[in-house]
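Numbering (this note's numbering), first residue to last: 9 to 268.
Take a look at the structure:
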């Protein structure tokens, strides 16, 4: 009987030890499982932070790349503009060289004389079916900067068929206008259907003609000026010679006679 009781105590002791061991093992497993979840949570958090930083880095890299491409395009545009400006500068310098050569050529052609003296360097007057055709070249001596403002005047010497006395007469010739003036019938009343804007008075026509003729003979130049055109011959007048005058106001600065 004593042996049976002893064995029972041993069995219960052994069972108690096993239960304690299992409890400890279960506690260790539970603690380890909790640590794993904490580690997994920490790893997920760190991974999310890394993904966020990666996204921010990619956005920053894309912005830097965009700025780089913009700067590169601006540099290419600036380089193209610089090349175009260099071409324009080279062309301008070439044109300036040609202009300087022409200026030197004309300076060599300038007649000797007082500074700014005016001369008729070339003059040609020929008969033309519609009148007298003229070409004239005026030049000033030396280097001048102030413009000369004046007028050309053509004075013809000749005879009139209808004159009672066959004597020489002088007439100032006017340019033959290239544009037609409105015709006005003298002594004829305006048609009723014409408006006031369509009626042209003879005084207005004459004033417009005079202004156009004065404009055609006006001079305004610093170094030289060429002129050409047609001169109207009055009906019945036969010119024998033409005197060309350069006027400054009423003062004759230069003149030349051409026989026809």
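Each residue gets a CB set at the ideal place from its N, CA and C atoms; glycine is no exception. No experiment lies behind these values; they were computed from the predicted model shown.
#1: Quick check on residue 65: buried or exposed, where buried means 16 or more other Cβ atoms within 10 Å of its Cβ?
#2: Quick one, are the C-beta atoms of residue 183 and residue 221 less than 8 Å apart?
#3: Should residue 252 and residue 144 be called a contact, given that it needs their Cβ atoms to be closer than 8 Å?
#4: Where does residue 125 sit, in a helix, a strand or coil, going by DSSP?
#5: Along the chain, where does the beta strand (DSSP E) that runs through residue 183 open and close?
#6: What's the gap between the Cα of residue 200 and the Cα of residue 216?
#7: Go ahead and pull the three-state DSSP assignment for residue 256.
#8: Residues in the same chain with beta-carbon distance under 8 Å from residue 155, minus the five sequence neighbours each way, listed in chain order, please.
#9: Quick test of your reading: residue 256 and residue 150, contact by CB under 8 Å. State the CB separation rounded to the nearest angstrom.
#10: Do residue 160 and residue 225 have their CB atoms nearer than 8 Å?
#11: Using CA coordinates, which residue listed in 89, 142, 47 and 68 is at the minimum distance from residue 130?
#12: Under a three-way DSSP split, which group does residue 4 fall into?
#13: Compare the beta carbon distance of residue 104 and residue 126 with 8 Å and say whether it is the shorter of the two.
#14: Here's the rule I'm using: 16 or more other beta-carbon atoms within 10 Å means buried, otherwise exposed. How should residue 162 be labelled?
#15: Do you know offhand how far residue 241's Cα is from residue 176's?
The structure says:
#1: For the purposes of this step, residue 65 is identified with residue 57 of the chain shown, where counting begins at 1. Exposed, since its Cβ has fewer than 16 Cβ neighbours within 10 Å.
#2: As a working mapping, residue 183 is identified with position 175 in the chain shown. As a working mapping, residue 221 is identified with position 213 in the chain shown. Yes.
#3: Within the chain shown, the letter at position 244 stands for residue 252. Within the chain shown, the letter at position 136 stands for residue 144. A contact, by the Cβ cut-off of 8 Å.
#4: Position 117 of the chain shown, counted from the start, is the residue given in the question as residue 125. Residue 125: coil per DSSP, three-state reduction.
#5: For the purposes of this step, residue 183 is taken as residue 175 along the chain shown, with counting starting at 1. 177-183 is the span of the beta strand (DSSP E), which, as asked, contains residue 183.
#6: By one-based count along the chain shown, residue 200 stands at place 192. By one-based count along the chain shown, residue 216 stands at place 208. At residue 200, the pLDDT of 41 sits below 50, so the modelled position is not reliable; the number obtained from the coordinates is stated separately. Take the alpha-carbon of residue 200 and the one of residue 216: they are about 25 Å apart.
#7: Translated into positions along the chain shown, residue 256 becomes position 248. If DSSP states are grouped into helix, strand and coil, residue 256 belongs with the strands.
#8: Along the chain shown, one-based indexing puts residue 155 at 147. So the qualifying residues of the chain are 228, 229 and 230.
#9: Within the chain shown, residue 256 is the residue found at index 248, counting from 1. Within the chain shown, residue 150 is the residue found at index 142, counting from 1. In this structure, residue 256 and residue 150 do not form a Cβ contact; the two beta carbons are roughly 17 Å apart against a cut-off of 8 Å.
#10: Translated into positions along the chain shown, residue 160 becomes position 152. Translated into positions along the chain shown, residue 225 becomes position 217. Yes. Within cutoff.
#11: The residue labelled residue 130 in the question sits at position 122 within the chain shown. Minimum Cα distance to residue 130 is reached at 142.
#12: Residue 4 lies beyond the stretch modelled for the chain, which goes from 9 to 268, so this question has no answer here.
#13: Start at 1 with the first residue of the chain shown, and residue 104 comes out as number 96. Start at 1 with the first residue of the chain shown, and residue 126 comes out as number 118. In this structure, the beta-carbon distance from residue 104 to residue 126 does not fall below 8 Å.
#14: As a working mapping, residue 162 is identified with position 154 in the chain shown. Counting Cβ neighbours within 10 Å, residue 162 comes out buried, since at least 16 surround it.
#15: Walking along the chain shown from the start, residue 241 turns up at place 233. Walking along the chain shown from the start, residue 176 turns up at place 168. Spanning the alpha carbons of residue 241 and residue 176 requires a straight line of approximately 15 Å.
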